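Position 182 of the sequence shown, counting from 1, maps to 182 under the numbering used here, and the rest follow consecutively. A virtual CB, placed ideally from N, CA and C, is assigned to each residue, including glycine. No experiment lies behind these values; they were computed from the predicted model shown.
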Amino acid sequence: MPPPSLEYIPSCPICQSFENTEFYQKEGRTLLICRNCRHVWWRNLPSEEETSRYYLEQYTSGHGQETIQNDNREYYRNHLAELLSIIHKPAEETCILDYGCSIPILPHEAVKLSFRGVVGVDYAAESKEFGREWGVTVLSPSELTAVPDRYFDIARFSHTIEHSIDPAALLQSVLPKMRPGGLIYITQPNFPVFRFAPSGKDLKDTVYPEHLHFFSPLSLAELTRRLGLSVTKLFSHQNEAEVIRQCEGALDIDYARDRLKEYASKGDAVFPTYANYPYYAGENSVLHARVPGA
Ligand SMILES: [Zn+2]
């Protein structure tokens, strides 16, 4: 009798459910979707070594990050003001972490605004060089342990966690460094809540090995809930009506309406209906969450 086959069944990297199915095939790689939280991810993720090498060597220079980031100085200043207004603290009393800062323009602007503490995290040597020039501490992810516990009032993850092999572990590594009540700010490409079924559409942002995880508002909320964080804001933005049109028939609005009820009042009324509960059809999501214990 042949030995029983031990087929590898991947579990959802966010909610651990074993119920998943193929979502899309792209360039010989398979994207899976989770039945429970509708998270989408690559069946085969790269190794830690592969991703760190990729970011160390290729990503920053290859993507014209310096130009992109420099063009955004004014946006970053406004964004810092927005973050301060959320935590009701002046810059002088606020320590901020910009995780995945790339060329550290936002941290540089924070230094200029007299933030009490400013740290960027990035793999790229180039980020550290600019940091040295601008008086910004830029650490590798593994060096974050050197920061005192309960140091940061704000941790910002802008287009960062979807690049990580294990977003839950990444966030978990930062939590001891956060003050009780501190703000976790996450923004990244958004997948609306899709039906649990194969998709025939090539979806924007499914670029391997840069984007490894495609969060639905449900999987994003689930991720933060599992870490003990409390969500204070959740919405999406950009091209909502177009996404609704493009994804007609593929969205599971009834499921989103049912599962995301508790976030219905946590949207942003500045953005149109389709950006908020239960549609969340914008191309990017934004989540604010608080660290417990304030
Ligand atoms: Zn899941």
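With respect to the 9 angstroms criterion, residue 117 and residue 104 are not classified as neighbours on the basis of their beta carbons. Taking a C-beta distance under 9 angstroms as the contact criterion, residue 270 and residue 236 do not qualify as a contact pair. For residue 144, the closest C-alpha among the options 291, 185 and 98 is that of 98. Distance from the CA atom of residue 21 to the CA atom of residue 197, rounded to whole angstroms, is 7 angstroms. Taken from the Cβ of residue 38, at least one heavy atom of ligand 1 lies inside 8 angstroms. Remark: the C-beta of residue 74 is outside contact range of ligand 1, defined as less than 8 angstroms to any heavy atom. By the neighbour-count criterion, in which a residue is buried when 16 or more other Cβ atoms sit within 10 angstroms of its Cβ, residue 154 is buried.
Residue state for residue 276 is assigned as coil, using DSSP reduced to three classes. Here residue 147 carries a coil assignment [DSSP, helix/strand/coil]. DSSP places residue 185 within a strand segment (E or B) once states are collapsed to three. The closest heavy atom of ligand 1 lies less than 8 angstroms from the beta carbon of residue 222.
For residue 201, the secondary structure class from DSSP, reduced to helix, strand or coil, is coil.
The alpha-carbon separation between residue 173 and residue 259 amounts to approximately 28 angstroms. Annotated three-state conformation of residue 282 is coil, per DSSP. The beta carbon of residue 50 sits closer than 8 angstroms to the beta carbons of 209 from its chain, once the five residues preceding and following it are set aside; these are given in chain order.
Under DSSP, residue 254 takes part in no beta bridge, so it has no partner. Contact annotation: residue 184 and residue 178 have beta-carbon atoms nearer than 9 angstroms.
Excluding five sequence positions before and after residue 122, the CB atoms of its chain that fall closer than 7 angstroms to its own CB belong to 100, 101, 102 and 138, given in chain order. When the alpha-carbon of residue 176 is set against those of 193, 293 and 45, the nearest one is in 293. Cβ-Cβ separation between residue 221 and residue 263: approximately 6 angstroms, consistent with a contact (criterion under 8 angstroms). Shown here, residue 243 sits in a helix according to DSSP, grouped into three states.
Taking 4 residues as the shortest admissible run, the stretch 9-83 contains the following complete alpha helix (DSSP H) segments, listed from N- to C-terminal end: 48-54 and 65-70.
Comparing alpha-carbon positions, the option among 252, 288, 25 and 283 lying closest to residue 267 turns out to be 288. When C-beta atoms of the stretch 189-205 are compared with those of the stretch 28-47, three or more pairs fall below 8 angstroms, so the two segments count as touching. Annotation for residue 154: the continuous beta strand (DSSP E) segment containing it runs 152-158.
Going by DSSP, residue 165 is part of no alpha helix (DSSP H) at all; its letter is neither H nor E. Non-local C-beta neighbours of residue 125 in its own chain, meaning closer than 8 angstroms and more than five positions away in sequence, comprise 56, ordered along the chain. The continuous alpha helix (DSSP H) containing residue 130 extends over residues 125-134. Taking C-beta atoms as the reference points, residue 199 and residue 250 count as a pair closer than 9 angstroms.
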